[in-house]
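Presented below is the structure to which this report refers.
In UniProt numbering, the protein residues as written are 1 to 317.
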């Protein structure tokens, strides 16, 4: 039974809603779009069948932080056969991961890396049993302008045409499945569970001016626990973090213009409770898997409903 293997390999007694159905689909070689809420264990949906199928899995991921987080999680479970290559690595790290590709069970790459001809040569001979499109909504939202390589992912899946495709996301706009099927030239079976999370409550407060909002915020964060405060721009991120710091709270910043090392340092400090508060743009919306985040504050409106869902999903994991 799958539950026996779940207990043996991962230590869980039962699957979360949707996990077993997705895994069964993958084991039956059915291309699948899995839509599960944030914090529901989407990674297990490809890790489990990888162990069952005894073939390497390619995970195409949009964010360095997401790759790093999932690699760290796998290593904590005792998995050693992992390759991960991204632009934040130095040349020594990249070479070590390239050298381990042929022996790896899980391979994490970005679409930009794979679609470079010299890089594609490194993996084109591998016999992948599964290709995972992590945070699959990015193909639809980013694939035509911001990250044009996403629109070309079908070239990868067509080359590895014996591999099963598994697209995973927590945010699925109505057009997502049709966009994916067009990009991949493949029909996907959709498995979807409720997006509601019983351990997250939502509320909103109206303010007549910025002074009132700032006054409320400074009082609220006295007892808010590990907190992420989302703002709409880098400039506002810096200004608000400075203000909070001046009032005696250790505060980190996170935005898209930080270097890889700066991002890594801020995440490390936050994850290990050296700083309790992060002021961030939506660059901190995916790949943040800290177990004890208690508060998410949107100081400004999220840029889209899907970003809002991703960002509030950092809490209660």
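From the three backbone atoms N, C-alpha and C, an ideal C-beta is built for every residue, glycine too. No experiment lies behind these values; they were computed from the predicted model shown.
Asked                                                                                                               : Found
Sequence-distant residues of the same chain with beta carbon closer than 7 Å to residue 162, five excluded per side : none
Proximity of residue 167 and residue 33 at Cβ, strictly below 8 Å                                                   : yes
Pair within 8 Å by beta-carbon distance, residue 139 and residue 153                                                : yes
Among 164, 207 and 208, the one whose alpha carbon lies nearest that of residue 187                                 : 164
Contacting residues, own chain, Cβ-Cβ under 6 Å from residue 320 (five flanking each side not counted)              : Missing from the structure shown is residue 320; the chain here goes from 1 to 317 and no further.
Rounded C-alpha distance that separates residue 66 from residue 209                                                 : 36 Å
Sufficient close CB pairs (3 or more, under 8 Å) joining the stretch 61–79 to the stretch 194–208                   : no
Residue 159 (DSSP reduced to helix, strand or coil)                                                                 : helix
Reduced DSSP category for residue 252 - H, G, I as helix; E, B as strand; rest coil                                 : strand
Residue 92, buried or exposed, once every other Cβ within 10 Å from all chains shown has been counted against 16    : exposed
Whole-angstrom distance between residue 122 and residue 26, CA atom to CA atom                                      : 25 Å
Cβ pair residue 57, residue 132 closer than 8 Å                                                                     : yes
Sequence-distant residues of its chain with Cβ nearer than 6 Å to residue 266 (five each side left out)             : 252 and 254
Residue burial classification, residue 308 (beta-carbon count within 10 angstroms, cutoff 16)                       : buried
Assigned exposure category for residue 47 - 16 Cβ within 10 Å defines buried                                        : buried
Beta-bridge partners of residue 192, as assigned by DSSP                                                            : 35
Meets three-Cβ-pair contact criterion under 8 Å: the stretch 8–25 and the stretch 34–42                             : yes
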